[in-house]
Every structure is written in structure tokens, then in C-alpha cells.
Amino acid sequence: MKDVTHFWRLPGYTPEQASDASDTLLRSGVMRRTTPRPAKQGTPAAHLISKPELEKGLNFLKMLVDATEKGLGRLDWP
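Sequential numbering from 0 applies to the sequence shown in numbering that gives the first Met the number 0.
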């Protein structure tokens, strides 16, 4: 399997920084902590992550996907 992280030249990120940021994002569980915990009684519990934080994480991942697809489109990928 080839390393696609060298395609991750995003605004404000080197490929290494983008890789570290994606690791941090995914390891922190940001994408897994969006569902509120069920309330036993009364009002539902608050989400564990704010909507702006979630949107920032999703936008970052979309940029990585776009950069990867663009990079792979320029290669003869097996």
C-alpha cells in the first residue's frame, strides 16, 4: 500500500502536520462523540462536542479526501 499523506498539502499544513492533525482528530474520538447520551429523566444530555468543532473536523477530513483524490488522479494507481 502506498503512502498518500504526501498529497496532503493543505493551507496552513505540511503533509506531516496534516497527518498529525488527522491522527489527533480521529484518536480523540471527535467523530464518535457526536451523539448525546440518553437522558434517564428530564431534558436530554448535551452533546459531547459542539457543532462548530464537529464542522471543523468534518471540513478538515473532507479536505484530506479531496487532496488524496486529486493526488491519486494524477498517478497511475494500481
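Quick reminder that beta carbons are idealized off the backbone N, C-alpha and C, glycines included.
Counting contacts by CB-CB distance shorter than 7 angstroms, is residue i in contact with chain C?
| i | result |
| --- | --- |
| residue 4 | In the structure shown, chain C does not exist; there is a single protein chain. |
Can you give me the Cβ contacts of residue i inside the same chain, cut-off strictly under 8 angstroms, excluding the 5 residues immediately before and after it?
| i | result |
| --- | --- |
| residue 50 | none |
When the Cα atoms are used, what is the spatial distance from residue i to residue j?
| i | j | result |
| --- | --- | --- |
| residue 14 | residue 40 | 47 angstroms |
| residue 52 | residue 5 | 26 angstroms |
| residue 54 | residue 48 | 10 angstroms |
| residue 22 | residue 42 | 34 angstroms |
| residue 64 | residue 1 | 15 angstroms |
Excluding the 5 residues flanking residue i on each side, which residues of the same chain have their C-beta closer than 6 angstroms to its C-beta?
| i | result |
| --- | --- |
| residue 17 | 7, 9 |
| residue 68 | none |
| residue 27 | none |
Taking C-alpha atoms, which residue in the options lies nearest to residue i?
| i | options | result |
| --- | --- | --- |
| residue 12 | 47, 72, 66 | 66 |
| residue 20 | 62, 69, 68 | 62 |
Nearer than 6 angstroms: is that true of the beta carbon of residue i relative to any heavy atom of the ligand ADP?
| i | result |
| --- | --- |
| residue 56 | With respect to the ligand ADP, the structure offers nothing, as it holds no ligand at all. |
So residue i and residue j are in contact, right, with Cβ under 8 angstroms, and what is the actual spacing, rounded?
| i | j | result |
| --- | --- | --- |
| residue 3 | residue 71 | 7 angstroms |
| residue 24 | residue 59 | 7 angstroms |
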